[in-house]
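Undergrad:
Protein chains: 2
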Amino acid sequence: MPPDLNLRISPRTVQRETVDKLRLAIFSGLFQPGSRLVESQLCSQLGISRPSLREALRSLEAERLIEIVPNRGPSIPALSWEVATAIYEVRELLEVEAAGRCALRISPEQLLKLEKSLSAFEEAASSNDSLAQVMTAADFYSIILANCGNPILEEVHRGLVARISFFRGRSMSLEGRAQSSLAEMREIFESIAAGDEKAARKASKQHVLKAKAAAKISMDNGI
Amino acid sequence: MPPDLNLRISPRTVQRETVDKLRLAIFSGLFQPGSRLVESQLCSQLGISRPSLREALRSLEAERLIEIVPNRGPSIPALSWEVATAIYEVRELLEVEAAGRCALRISPEQLLKLEKSLSAFEEAASSNDSLAQVMTAADFYSIILANCGNPILEEVHRGLVARISFFRGRSMSLEGRAQSSLAEMREIFESIAAGDEKAARKASKQHVLKAKAAAKISMDNGI
DNA sequence: GTCAAGCAGATTGTCTGACATTCTTGCAAT
DNA sequence: ATTGCAAGAATGTCAGACAATCTGCTTGAC
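Those protein sequences? They're chains A and B, same order as listed.
Be aware that the first sequence starts at 1, since it is given in our numbering, and climbs by one per residue.
Be aware that the second sequence starts at 1, since it is given in our numbering, and climbs by one per residue.
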């Protein structure tokens, strides 16, 4: 038997279920940035007890998806452009590294999977469903991160991207952003498929920079 | 009044107090890797109730300082060398970037602070107090990270370093490691003081690589 | 004697209910 | 209009309870 194959299945506990639900709710923009989350309301909406909810909120707090100020309770943080910039910068660092490594080590099957996810994004890009666009694009990155050979890189990246999900939705709905995003992602894919590390890094960097610029525009316009 | 000067003082809640205490306990190696943390025991030791403890544990779980398996409860994860390697690799990525940026933008006062922390490490290095060595070394990095101009870089780095605190203590007690560490840190400091970004990056990279090598040795020897 | 089945104790997951402390808000008074 | 106060709402924390699950030990079968 393979030594560290993890056979243990994780029972779904109320806490986990709640974290997942709330995270999804935050991603899909159900809560306004800055708005407060009232425990009693969430409890009745989710049908769970306050201790369970509070555990879930602590998890989300540690992920920086919510803030909890003592005696004021949990709220959705309003992401400043300053912090968003910092996140995009670190994301660039990680994604560039991941794309470069991925180009050198991805397996044929995974490459096929990557191609498929690119097609899925292509389809979403021609539609106007910006949620589908964000989801399929996230798939594309996560395959790259999953194949960079460094699980920590993947983990940290996931945490960062989660925090800017707010911008991703908004900037995807910018005129033409989805299409140019598609072109950038295609270039990343081609570089990886060719096993060209340097090109993959370059394309990846370009992509993050443009995503950041798009986010900035959508922020300036939007609010 | 400056717009986002945060005047709010954070009352110390039981939850936060508990997280800090447990984190410190983990850092100082009070719990063996792999050992389980029994809630009822911790409650009576800390003098708090179970709900409060469980909230604290969820925070630590999200920081990856403990693991919580459903129906088995919390435990200290046994860090595999594979994961440790991955952490060191990402740490390298972040620290190199931070050192480079820091060289370009650190203020004179902060530079002085950095110099002082280097002296503190120097003193600790001549002693045999490996805890003091780890603490002062951590100070040194945290000043660099705090002056890189990117709070996210700092935050992510802190999270990663926390997870390898286990190794840091062990490798510092290796024969001669503290002294060579001192030499490496001094080189980083000199580069930053000179405002030489490239040298700072190079020195920083060297330092992480050697720290990683030392950790590997201490792991192979140690257990 | 070894191994499997099963039972008792320990531990966790979750809920209910409670209460002191702190925040918020609306109203009254200056 | 600003200040101060009081009522209501929300949070921080605890105690206790109970079902589900795990763990280790005893017992029984081969």
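Glycine included, C-beta positions come from ideal geometry on N, C-alpha and C.
Quantities reported herein were computed from a predicted structural model and do not represent experimental measurements.
At what residues does the beta strand (DSSP E) containing Ser75(B) begin and finish?
TA: Looking up residue 75(B) in the second sequence gives position 75. Counting along the chain, the beta strand (DSSP E) containing Ser75(B) begins and ends at Gly73 to Ser75.
Undergrad: Spell out a yes or no on whether the stretch 148-155 of chain B and the stretch 195-209 of chain B are touching, meaning 3 or more CB-CB pairs, one atom from each, closer than 8 angstroms.
TA: No contact exists between the stretch 148-155 of chain B and the stretch 195-209 of chain B.
Undergrad: By alpha-carbon positions, which one of Pro70(A), Arg16(A) and Glu95(A) ends up nearest to Val69(B)?
TA: Indexing the second sequence from 1 puts residue 69(B) at position 69. Ranking the options by Cα distance to Val69(B), first place goes to Arg16(A).
Undergrad: What's the C-alpha gap between Ala138(A) and Leu112(A)?
TA: As a first step, residue 138(A) must be located in the first sequence, where it is residue number 138. As a first step, residue 112(A) must be located in the first sequence, where it is residue number 112. Going from the Cα of Ala138(A) to the Cα of Leu112(A) covers about 16 angstroms.
Undergrad: Please report how far the alpha carbon of Leu42(B) lies from the alpha carbon of Ser49(B), in whole angstroms.
TA: Taking the first residue of the second sequence as position 1, residue 42(B) is located at position 42. Taking the first residue of the second sequence as position 1, residue 49(B) is located at position 49. Rounded to whole angstroms, Leu42(B) to Ser49(B) spans 9 angstroms at the Cα level.
Undergrad: Which residues in the same chain have their Cβ closer than 8 angstroms to the Cβ of Ser142(B), if we skip the five residues on either side of it in sequence?
TA: Stepping through the second sequence from its first residue, residue 142(B) is reached at position 142. Hits under 8 angstroms: Glu154 and Arg158.
Undergrad: When the distance is taken between beta carbons, is Ile66(B) closer than 8 angstroms to Leu114(B)?
TA: Counting from one through the second sequence, the residue named residue 114(B) turns up at place 114. Counting from one through the second sequence, the residue named residue 66(B) turns up at place 66. No, these two residues do not count as a Cβ contact at 8 angstroms.
Undergrad: Looking only at its own chain, which residues have a Cβ that is under 7 angstroms from the Cβ of Ala132(B), when we skip the five neighbours before and after it?
TA: Numbered from its first residue, the second sequence carries residue 132(B) at position 132. Cβ within range, chain order: Ala124.
Undergrad: Rounded to whole angstroms, what's the CA-CA distance from Leu209(B) to Ser44(B)? Just pull it up for me.
TA: Looking up residue 209(B) in the second sequence gives position 209. Looking up residue 44(B) in the second sequence gives position 44. The straight-line gap from Cα to Cα measures roughly 42 angstroms.
Undergrad: Using a beta-carbon distance below 8 angstroms, is Thr18(A) in contact with chain B?
TA: Locating residue 18(A) in the first sequence gives position 18, where the first residue counts as 1. With 8 angstroms as the cut-off, Thr18(A) does not count as an interface residue toward chain B.
Undergrad: For Glu95(B) and Leu145(B), I'd like the C-alpha separation in whole angstroms.
TA: Numbered from 1 along the second sequence, position 95 holds the residue referred to as residue 95(B). Numbered from 1 along the second sequence, position 145 holds the residue referred to as residue 145(B). Rounded to whole angstroms, Glu95(B) to Leu145(B) spans 7 angstroms at the Cα level.
Undergrad: Buried or exposed: which applies to Gly100(A), given that a residue is buried once 16 or more other Cβ atoms fall within 10 Å of its Cβ?
TA: The count along the first sequence starts at 1 and reaches residue 100(A) at position 100. Per the 10 Å Cβ criterion, buried.
Undergrad: Checking 8 angstroms against the spacing of the C-beta atoms, do Ile87(B) and Ile164(B) come in under that value?
TA: Within the second sequence, numbered from 1, the residue matching residue 87(B) stands at position 87. Within the second sequence, numbered from 1, the residue matching residue 164(B) stands at position 164. It is a contact, given that the beta carbons lie within the stated cut-off.
Undergrad: Is it right to say Leu57(B) is buried, meaning 16 or more other beta carbons lie within 10 angstroms of its own, or is it exposed?
TA: One-based indexing of the second sequence puts residue 57(B) at position 57. It counts as buried.
Undergrad: Comparing the C-beta of Val161(B) with each C-beta of chain A, is any distance below 8 angstroms?
TA: For the purposes of this step, residue 161(B) is taken as the residue at position 161 of the second sequence. For Val161(B), the answer is no, since every Cβ of chain A falls outside 8 angstroms of its Cβ.
Undergrad: Say whether chain A places a C-beta atom closer than 8 angstroms to the C-beta of Glu39(B).
TA: Translated into the one-based positions of the second sequence, residue 39(B) becomes position 39. Not one chain A Cβ lies under 8 angstroms of Glu39(B).
Undergrad: Return the residue from the list Pro51(B), Phe27(B) and Val83(B) that minimises the CA-CA distance to Lys216(B).
TA: Translated into positions along the second sequence, residue 216(B) becomes position 216. Nearest of Pro51(B), Phe27(B) and Val83(B) to Lys216(B), Cα basis: Val83(B).
Undergrad: How many Å lie between Ser30(A) and Ser218(A) at the Cα?
TA: Looking up residue 30(A) in the first sequence gives position 30. Looking up residue 218(A) in the first sequence gives position 218. Note that residue 30(A) is Leu in the sequence shown, not Ser. Cα to Cα, the separation comes out at about 19 angstroms.
Undergrad: Below 8 angstroms between beta carbons: does that hold for Glu39(B) and Leu60(B)?
TA: To locate residue 39(B), count along the second sequence from 1; it is residue 39. To locate residue 60(B), count along the second sequence from 1; it is residue 60. No, they are not a contact pair.
Undergrad: For the stretch 135-146 of chain A, which residues have a beta carbon sitting closer than 8 angstroms to at least one beta carbon of chain B?
TA: Listed by position, the residues of the stretch 135-146 of chain A near chain B (Cβ gap below 8 angstroms) amount to none.
Undergrad: Evaluate Ala103(A) with the Cβ neighbour count: other Cβ atoms within 10 Å of its Cβ, from every protein chain shown; 16 or more gives buried, anything less gives exposed.
TA: Looking up residue 103(A) in the first sequence gives position 103. Buried: at least 16 other Cβ atoms inside 10 Å.
Undergrad: Please give the ranges of any alpha helix (DSSP H) in the stretch 157-203 of chain A, keeping only runs that are unbroken, at least 4 residues long and fully inside the region.
TA: Whole alpha helix (DSSP H) segments, 4+ residues: 165-172 and 177-193.
Undergrad: Rounding to the nearest angstrom, what Cα-Cα distance links Ala211(A) and Glu184(A) in this structure?
TA: By one-based count along the first sequence, residue 211(A) stands at place 211. By one-based count along the first sequence, residue 184(A) stands at place 184. Cα to Cα, Ala211(A) sits roughly 10 angstroms from Glu184(A).
Undergrad: For Ser204(B) and chain A, any beta-carbon pair shorter than 8 angstroms?
TA: Here residue 204(B) refers to the residue found at position 204 when the second sequence is read from its first residue. So, not an interface residue.
Undergrad: Quick one: list the residues of chain A neighbouring Arg58(B), beta-carbon separation under 7 angstroms, in chain order.
TA: Stepping through the second sequence from its first residue, residue 58(B) is reached at position 58. Simply Glu55, Arg58 and Ser59.
Undergrad: Could you tell me which of Ser35(B), Asn147(B), Ala162(B) and Asn221(B) sits nearest to Asp20(B), measuring between CA atoms?
TA: Sequence index remark: in the second sequence, residue 20(B) carries index 20 (1-based). Minimum Cα distance to Asp20(B) is reached at Ala162(B).
Undergrad: What does the alpha-carbon distance come out to for the pair Thr18(B) and Leu46(B)?
TA: By one-based count along the second sequence, residue 18(B) stands at place 18. By one-based count along the second sequence, residue 46(B) stands at place 46. Using only the alpha carbons, I get a separation of about 8 angstroms.
Undergrad: Let me know the alpha helix (DSSP H) ranges lying completely inside the stretch 95-164 of chain B, each 4 residues or longer, listed in chain order.
TA: You should have 108-126, 130-146 and 151-163.
Undergrad: In chain A, which residues lie with their C-beta within 8 angstroms of the C-beta of Ser10(B)?
TA: Residue mapping note: residue 10(B) aligns to position 10 of the second sequence, counting from 1. Ordered by position in chain A, the residues that pass the 8 angstroms Cβ test against Ser10(B) are Val69 and Pro70.
Undergrad: Can you tell me whether Arg105(A) is buried or exposed? The criterion is at least 16 other CB atoms within 10 Å of its CB, across all chains shown.
TA: Residue numbering aside, residue 105(A) sits at position 105 when the first sequence is read from its first letter. It counts as exposed.
Undergrad: Whole angstroms are fine: how far does the CA of Met135(B) sit from the CA of Glu187(B)?
TA: Counting from 1 along the second sequence, the entry for residue 187(B) is found at position 187. Counting from 1 along the second sequence, the entry for residue 135(B) is found at position 135. So the two alpha carbons sit approximately 19 angstroms from each other.
Undergrad: Could you check what DSSP says for Leu5(B) in three-state terms: helix, strand or coil?
TA: The count along the second sequence starts at 1 and reaches residue 5(B) at position 5. With a pLDDT of only 43 at Leu5(B), under the threshold of 50, the placement of this residue in the model should not be trusted; the figure read from the coordinates follows. It is coil, neither helix nor strand.
Undergrad: Please report the distance separating the alpha-carbon of Val11(A) from that of Asn147(B).
TA: Residue mapping note: residue 11(A) aligns to position 11 of the first sequence, counting from 1. Residue mapping note: residue 147(B) aligns to position 147 of the second sequence, counting from 1. The residue asked about is misnamed: residue 11(A) is Pro in this sequence, not Val. Distance between the alpha carbons of Pro11(A) and Asn147(B) is about 43 angstroms.
Undergrad: Taking 8 angstroms as the CB-CB cut-off, is Met1(B) touching chain A?
TA: If you number the second sequence from 1, residue 1(B) lands on position 1. Confidence at Met1(B) is low in this model, with a pLDDT of 37, below 50, so the placement of that residue should be treated as unreliable; the coordinate-derived value is given next. Judged by the 8 angstroms Cβ criterion, Met1(B) is not in contact with chain A.
Undergrad: Could you compute how far the alpha carbon of Lys198(B) sits from the alpha carbon of Ala178(B)?
TA: In the second sequence, the residue the question calls residue 198(B) occupies position 198. In the second sequence, the residue the question calls residue 178(B) occupies position 178. Rounded to the nearest angstrom, the two C-alpha atoms are 25 angstroms apart.
Undergrad: Using a Cβ-Cβ cut-off of less than 9 angstroms, give me the residues of the stretch 188-220 of chain B that come near chain A, in sequence order.
TA: Of all residues in the stretch 188-220 of chain B, none has a Cβ within less than 9 angstroms of some Cβ in chain A.
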